[in-house]
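Student: Here it is, the structure, as structure tokens.
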Amino acid sequence: MRIPLHAAPPALLVIAHGSRDPRHAATVRALVRRVRALRPGQRVEAAFLDFDAPSVPEALESLADRGARDVVALPLLLTRAFHAKADVPAVLRQAPAGLRVRRAGVLGPSPLLLAALEQRLYEAGLDPADKAVTGVVLASAGSTDPEAIAVIADIAREWRRTGWCAVRPAFASAGLPPTEGAVQALRDVPGVRRVAVAPYVLAPGFLPDRIARGAAGADVLGGVLGDSPLVARVLLERFDACRRFPADRRPGHLPAVSGPRLLDLPAAG
């Protein structure tokens, strides 16, 4: 049995990492406003794993107090690394008893995210006519998780097929090459006349600033994905894919827990 999409939808809780940099929370909230604008009437809230308020338990408690019984928790993360695999499931288990929580997949990979990256480069001044002679650094925050590193490499290969002269992954932490190394490597690729850096990050902060410093030798530096309408559409795609599952189905790999019911839903697409 499937839940009809015209039924009253669950609340959407967007879970961001959080940062000491106030630009991070401001960008997350701008993205949430964008999602609300695309889906009028949908309850959409933001919460943070660290540094910013409300915390995830606080947001879940608030939703329950306001009558919510069904929540889709959507990690505002681009890859399935440690935060998605450990931190988010752990904090969701602190939800109030009686609140059913389903966990949607992370945002990436998605063709819409690639389109958003490209749009940011054009907004930064790259001429679309130069795409075939431009090498792009796909600059991510970085991770020690091999699965996340492999996903970034796969995205770079996929993006190269859309018409760029070359695409190279780079990492702001916990991985090689760094952004500046990838910029220099692209200068030596035959056919590359311009080098652009596309930050594969959602909001400003310490690591995005490191990416920007590493892009000093590039011709173009794109902005963070931020509140792009394309990113907002990805959030709604993940939300809709998650809420299609019936409430009593447990398709994920998480063990049964006492207290709130946590359903682990895979990403779509």
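Per the numbering used here, the sequence shown starts with residue 225, numbered consecutively. By construction, the Cβ of each residue, glycine as well, lies at the ideal position given by its N, Cα and C atoms.
Round the Cβ separation of A456 and H248 to the nearest angstrom and send it over; I've been treating them as touching at under 8 angstroms.
Tutor: Working through the sequence shown from its first residue, we reach residue 456 at position 232. Working through the sequence shown from its first residue, we reach residue 248 at position 24. Not really, about 17 angstroms apart at Cβ, beyond 8 angstroms.
Student: Go ahead and label A310 buried or exposed: buried means 16 or more other beta carbons lie within 10 angstroms of its beta carbon, across all protein chains shown.
Tutor: On the sequence shown, position 86 is the one that residue 310 refers to. Counting Cβ neighbours within 10 Å, A310 comes out exposed, since fewer than 16 surround it.
Student: So V256 and V268 are supposed to be a Cβ contact under 8 angstroms. How far apart are they, rounded?
Tutor: Locating residue 256 in the sequence shown gives position 32, counting from the first residue. Locating residue 268 in the sequence shown gives position 44, counting from the first residue. 5 angstroms between Cβ atoms; contact.
Student: Between which two residues does the beta strand (DSSP E) containing L298 stretch?
Tutor: The residue labelled residue 298 in the question sits at position 74 within the sequence shown. Taken as a continuous stretch (DSSP letters only), the beta strand (DSSP E) holding L298 covers 294-299.
Student: In chain order, what are the residue ranges of uninterrupted alpha helix (DSSP H) at least 4 long that sit wholly in the segment 307-375?
Tutor: List check, alpha helix (DSSP H) in window: 312-316, 335-347.
Student: Roughly how many angstroms lie between the CA atoms of P352 and G332, to the nearest whole one?
Tutor: In the sequence shown, the residue the question calls residue 352 occupies position 128. In the sequence shown, the residue the question calls residue 332 occupies position 108. Spanning the two alpha carbons is a distance of roughly 24 angstroms.
Student: Rounded to the nearest angstrom, how far is the Cβ of P278 from that of A288, given a contact under 8 angstroms?
Tutor: For the purposes of this step, residue 278 is identified with residue 54 of the sequence shown, where counting begins at 1. For the purposes of this step, residue 288 is identified with residue 64 of the sequence shown, where counting begins at 1. So it is not a contact: roughly 13 angstroms between Cβ atoms.
Student: Does the Cβ of D412 have 16 or more other Cβ atoms within 10 Å, making it buried, or fewer, making it exposed?
Tutor: Translated into the one-based positions of the sequence shown, residue 412 becomes position 188. D412 comes out exposed.
Student: Roughly how many angstroms separate the alpha carbons of P313 and T303, rounded to a whole number?
Tutor: Here residue 313 is taken as the residue at index 89 of the sequence shown, counted from 1. Here residue 303 is taken as the residue at index 79 of the sequence shown, counted from 1. Computed Cα separation, rounded: 15 angstroms.
Student: Return helix, strand or coil for A491, following the three-state DSSP convention.
Tutor: Your numbering for residue 491 matches position 267 in the sequence shown. Any reading at A491 is ruled out, since the residue's pLDDT is 39, under 50, leaving its predicted position unreliable.
Student: Between I239 and the rest of its own chain, which residues show a CB-CB distance below 7 angstroms, the 5 nearest in sequence each way excluded?
Tutor: To locate residue 239, count along the sequence shown from 1; it is residue 15. If we look at I239 and ignore the five residues flanking it on each side, its Cβ neighbours are A271, L273, V280, A297, L298, P299, L300, V312.
Student: By DSSP, does S286 sit in helix, in strand, or in coil?
Tutor: Counting from 1 along the sequence shown, the entry for residue 286 is found at position 62. Helix.
Student: If you drop the 5 nearest sequence neighbours on each side, which residues of the same chain put their C-beta closer than 8 angstroms to that of A328?
Tutor: Numbered from its first residue, the sequence shown carries residue 328 at position 104. Answer for A328: V296, A297, L298, P299, R462, F463, A465, C466, L489, A491, listed in chain order.
Student: Using the Cα positions of P233 and Q266, report the straight-line distance between them to the nearest angstrom.
Tutor: As a first step, residue 233 must be located in the sequence shown, where it is residue number 9. As a first step, residue 266 must be located in the sequence shown, where it is residue number 42. Approximately 7 angstroms, taken between the alpha carbons.
Student: What residue range is occupied by the uninterrupted beta strand (DSSP E) comprising P393?
Tutor: Taking the first residue of the sequence shown as 1, we reach residue 393 at position 169. First-last of the beta strand (DSSP E) with P393: 390-395.
Student: Compare the Cα-Cα distances from S397 to each of F275, R417, L431 and report the closest residue.
Tutor: Mapped onto the sequence shown, residue 397 falls at position 173. That would be L431, whose Cα lies nearest to the Cα of S397.
Student: Can you give me the C-alpha to C-alpha distance between A377 and A363, rounded to a whole angstrom?
Tutor: Position 153 of the sequence shown holds residue 377. Position 139 of the sequence shown holds residue 363. Their Cα atoms are separated by approximately 11 angstroms.
Student: Report the residue from G450, V315, P370, R417 whose alpha carbon sits nearest the alpha carbon of K176.
Tutor: Nothing can be reported for residue 176, as the shown portion of the chain is limited to 225 through 493.
Student: Taking 8 angstroms as the cut-off, decide whether the C-beta atoms of L316 and V330 are in contact.
Tutor: Here residue 316 corresponds to residue number 92 of the sequence shown, with the count starting at 1. Here residue 330 corresponds to residue number 106 of the sequence shown, with the count starting at 1. No.
Student: Quick check on D240: does DSSP put it in helix, strand or coil?
Tutor: Along the sequence shown, one-based indexing puts residue 240 at 16. The question names Asp, yet the displayed sequence has Ala at residue 240. Residue state, collapsed to three classes: strand.
Student: Measure the Cβ-Cβ separation of G399 and V357 and say whether it is below 8 angstroms.
Tutor: In the sequence shown, the residue the question calls residue 399 occupies position 175. In the sequence shown, the residue the question calls residue 357 occupies position 133. In this structure, V357 does not lie closer than 8 angstroms to G399 by Cβ.
Student: In this structure, what does DSSP give as the bridge partners for S279?
Tutor: Looking up residue 279 in the sequence shown gives position 55. F272.
Student: Please work out which residues of its chain come closer than 6 angstroms, Cβ to Cβ, to G441, disregarding the five sequence neighbours upstream and downstream, and give them in chain order.
Tutor: Here the question's residue 441 lines up with position 217 in the sequence shown. For G441, where only same-chain residues beyond five positions count, the Cβ hits under 6 angstroms are V407.
Student: Tell whether a beta-carbon distance below 8 angstroms holds between D451 and R258.
Tutor: Start at 1 with the first residue of the sequence shown, and residue 451 comes out as number 227. Start at 1 with the first residue of the sequence shown, and residue 258 comes out as number 34. Cβ distance < 8 angstroms, so D451 and R258 count as in contact.
Student: How long is the line joining the alpha carbons of D276 and T403, rounded to whole angstroms?
Tutor: For the purposes of this step, residue 276 is identified with residue 52 of the sequence shown, where counting begins at 1. For the purposes of this step, residue 403 is identified with residue 179 of the sequence shown, where counting begins at 1. Each residue's Cα considered, the two are about 28 angstroms apart.
Student: Cα-Cα, which of E282, L236, S243 is closest to P264?
Tutor: Mapped onto the sequence shown, residue 264 falls at position 40. Looking at the Cα atoms, L236 is the closest of the given residues.
Student: Measure from the alpha carbon of D245 to the alpha carbon of each residue in D433, P453, L449, then state which is nearest.
Tutor: Position 21 of the sequence shown, counted from the start, is the residue given in the question as residue 245. Of the candidates D433, P453, L449, the one whose C-alpha sits nearest the C-alpha of D245 is D433.
Student: Counting only runs that start and end within the segment 394-447, where is the beta strand (DSSP E) found for 3 or more residues in a row?
Tutor: As far as the segment 394-447 is concerned, its whole beta strand (DSSP E) runs of at least 3 residues are 418-424.
Student: Tell me the rounded alpha-carbon separation between E371 and A308.
Tutor: Numbered from its first residue, the sequence shown carries residue 371 at position 147. Numbered from its first residue, the sequence shown carries residue 308 at position 84. Roughly 12 angstroms separates the two Cα atoms.
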